[in-house]
Amino acid sequence: MACSEACTAAGAPVVSNYEPKGTFERAGSTDVYRSGSGALGLVLVPDIFGFSHKQVFQVADRFAETGFNVCVIDPFHGNPWPMEKFPPKPEHDFKGWLTREGGWGKVRPHVHDAVAKLKEASATKFGCIGFCWSVSIAMQAGQEPTFSGVGGPHPSLFGHDLDYAEKVQCPVVLLPAEGDGDTAPIKKILDRRSYGSKCVYQRFDDQTHGFVAARGDWSKPEVAAAAGRAIGLMAEFLKHAMTDPPAEAAKAGGAAAHAAHGHHGTTNANHPGHGHHGIGHGIGHK
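Position 266, counted from 1, in the sequence shown is what this note's numbering calls 266; the numbers after and before it change by one each time, with no gaps.
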């Protein structure tokens, strides 16, 4: 479980002076950031830099603006991967750290504490989105019936791609960036699922790994626009996953139901930032 080449090549996080619009609260034993309201609950899991960089709060606020009730967890309890050890060297034991601090067994209670927090705020449906390493957390969350849709941008799945794909029980959105792995093997598995047409795969090969999270320099218009498109894709995906009838019900409804919901299928993985799901707009660097 080394830091991927794409992750290392993306460089250090970008400093942002964004002022979060939500509130910092507690959920169970960890800190969380809350933004938005409503029935559509969304758990966000940061990249390895945790709460130490503000981009994730801006992403949360943007999801909130599109109608989501958002809760960002701090899986590292204020102790994310230290900047003085980035990029990680062999002697830094990044694998050991992430296994101890970021394994599903360690993070799962925080994910469910966030769900409980969102339920208190009237959420009834739930999605989970991760960034880089934490897309693996979202994929494992999707093995449980709590979640209606999971995934994230620039995923780092550490070789567990096929295992996660075999076990996930809900639609998936994956938005790889430059240097990130091919999603075709995952798509091949999920295409056979009843919810396969709801999954979304789209590459952003003109963007560096981490462009929607801590490594995205949103002061650059082209990066801000791409991040906006990615958030739009995920928001649209999640709304369909949370609110459309189950695939089995649509199938039972015959051709009319198929026609009504067929547009929620996959996007072209070979054209970055393009496709019939390409909604969303740029994010300002505030």
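Backbone N, C-alpha and C define an ideal beta-carbon position, used for all residues, glycine too.
Since the structure is predicted, the reported quantities are computational estimates derived from the model, not experimental observations.
Margin query: Based on DSSP bridge pairs, tell me the residues matched to residue 69.
Written below: Here the question's residue 69 lines up with position 69 in the sequence shown. Paired residue(s): 41.
Note to self: Between residue 41 and residue 115, how many whole angstroms is the CB-CB distance? I'm expecting something under 8 Å.
What the structure shows: On the sequence shown, residue 41 is found 41 positions in, with the first residue counted as 1. On the sequence shown, residue 115 is found 115 positions in, with the first residue counted as 1. About 7 Å separates the two Cβ atoms, so the contact holds.
Item checked: chain B within 8 Å of residue 50, Cβ atoms only -> The structure shown contains no chain B; it is built from a single protein chain.
Check: Ordered along the chain, which non-local residues of its own chain (more than five positions away) have a Cβ less than 7 Å from that of residue 33?
Finding: Position 33 of the sequence shown, counted from the first residue, corresponds to residue 33. Within the same chain, residue 33 has close Cβ partners 20, 22, 24, 57, 60 and 72.
Margin query: Could you compute how far the alpha carbon of residue 172 sits from the alpha carbon of residue 82?
Written below: Counting from 1 along the sequence shown, the entry for residue 172 is found at position 172. Counting from 1 along the sequence shown, the entry for residue 82 is found at position 82. In a straight line, the C-alpha of residue 172 is about 30 Å away from that of residue 82.
Check: Where residue 225 and residue 53 are concerned, what is the direct C-alpha to C-alpha distance, given to the nearest angstrom?
Finding: In the sequence shown, the residue the question calls residue 225 occupies position 225. In the sequence shown, the residue the question calls residue 53 occupies position 53. Answer to the nearest angstrom: the Cα atoms are 20 Å apart.
Item checked: Start and end residues, alpha helix (DSSP H) containing residue 236 -> Within the sequence shown, residue 236 is the residue found at index 236, counting from 1. First-last of the alpha helix (DSSP H) with residue 236: 221-243.
Next item on the list: Please confirm if the stretch 88-97 is in contact with the stretch 207-215, defined as three or more CB-CB distances below 8 Å between the two stretches.
Entry: no
Checklist line | Element boundaries [alpha helix (DSSP H), containing residue 100] | finding: Position 100 of the sequence shown holds residue 100. Counting along the chain, the alpha helix (DSSP H) containing residue 100 begins and ends at 94-102.
Check: Anyone know if the C-beta pair for residue 75 and residue 45 falls short of 8 Å?
Finding: In the sequence shown, residue 75 corresponds to position 75, counting from 1. In the sequence shown, residue 45 corresponds to position 45, counting from 1. Yes; because the gap between Cβ atoms is below 8 Å, this pair is in contact.
Item checked: Coil, strand or helix - residue 128 by DSSP -> Numbered from its first residue, the sequence shown carries residue 128 at position 128. It is a strand residue.
Notebook entry, point to check: If you drop the 5 nearest sequence neighbours on each side, which residues of the same chain put their C-beta closer than 7 Å to that of residue 110?
Noted result: Residue numbering aside, residue 110 sits at position 110 when the sequence shown is read from its first letter. So the list reads 28, 30, 73 and 75, once near-sequence residues are dropped.
Next item on the list: Could you give the DSSP three-state label for residue 118: helix, strand or coil?
Entry: Position 118 of the sequence shown, counted from the first residue, corresponds to residue 118. In the structure shown, residue 118 sits in a helix (DSSP, three-state: H, G or I).
Margin query: Using a Cβ-Cβ cutoff of less than 7 Å, which residues in the same chain neighbour residue 217 once the five nearest sequence positions on both sides are dropped?
Written below: Residue 217 sits at position 217 when you count from the first residue of the sequence shown. Residues of the same chain with a CB within less than 7 Å of the CB of residue 217, apart from the 5 flanking positions on each side, are 14 and 223 in chain order.
Item checked: Where the alpha helix (DSSP H) containing residue 150 begins and where it ends -> Working through the sequence shown from its first residue, we reach residue 150 at position 150. Here residue 150 belongs to no alpha helix (DSSP H); instead the beta strand (DSSP E) covers 149-153.
Item checked: Candidates 65, 125, 165 and 153: closest to residue 140 by CA position -> If you number the sequence shown from 1, residue 140 lands on position 140. For the residues 65, 125, 165 and 153, the minimum Cα distance to residue 140 belongs to 165.
Notebook entry, point to check: To the nearest angstrom, how far is it from the Cα of residue 105 to the Cα of residue 133?
Noted result: For the purposes of this step, residue 105 is taken as residue 105 along the sequence shown, with counting starting at 1. For the purposes of this step, residue 133 is taken as residue 133 along the sequence shown, with counting starting at 1. Roughly 15 Å separates the two Cα atoms.
Note to self: Strictly by DSSP, which residues pair up with residue 34?
What the structure shows: Sequence index remark: in the sequence shown, residue 34 carries index 34 (1-based). Paired residues: 23 and 71.
Notebook entry, point to check: Which residue comes first and which comes last in the alpha helix (DSSP H) that contains residue 190?
Noted result: Locating residue 190 in the sequence shown gives position 190, counting from the first residue. Unbroken alpha helix (DSSP H) run through residue 190: 184-190.
Next item on the list: Please go through the same chain and pick out, in chain order, the residues whose beta-carbon is closer than 7 Å to the beta-carbon of residue 143, but skip the five residues on each side of it.
Entry: Taking the first residue of the sequence shown as 1, we reach residue 143 at position 143. Within the same chain, residue 143 has close Cβ partners 167, 168 and 169.
Note to self: Among the candidates 199, 201 and 231, whose CA atom is the shortest distance from the CA of residue 213?
What the structure shows: Counting from 1 along the sequence shown, the entry for residue 213 is found at position 213. For the residues 199, 201 and 231, the minimum Cα distance to residue 213 belongs to 231.
Checklist line | Local Cβ density within 10 Å of residue 16, reported as buried at 16 or more and exposed below that | finding: Within the sequence shown, residue 16 is the residue found at index 16, counting from 1. With 16 or more other Cβ atoms within 10 Å, it is buried.
Next item on the list: Enumerate in chain order the residues of its own chain whose CB-to-CB distance from residue 294 is below 7 Å, with the five nearest sequence positions on each side excluded.
Entry: What is shown of the chain runs 1 to 286, which leaves residue 294 out entirely.
Check: Which residue from 91, 26 and 187 puts its Cα closest to that of residue 198?
Finding: Your numbering for residue 198 matches position 198 in the sequence shown. Residue 187 is the option with its Cα nearest to residue 198.
Check: By DSSP, does residue 177 sit in helix, in strand, or in coil?
Finding: Indexing the sequence shown from 1 puts residue 177 at position 177. Looking at residue 177 - three-state DSSP - the assignment turns out to be strand.
Next item on the list: Return the first residue and the last residue of the alpha helix (DSSP H) that residue 164 is part of.
Entry: To locate residue 164, count along the sequence shown from 1; it is residue 164. Residue 164 -> alpha helix (DSSP H) spans 161-167.
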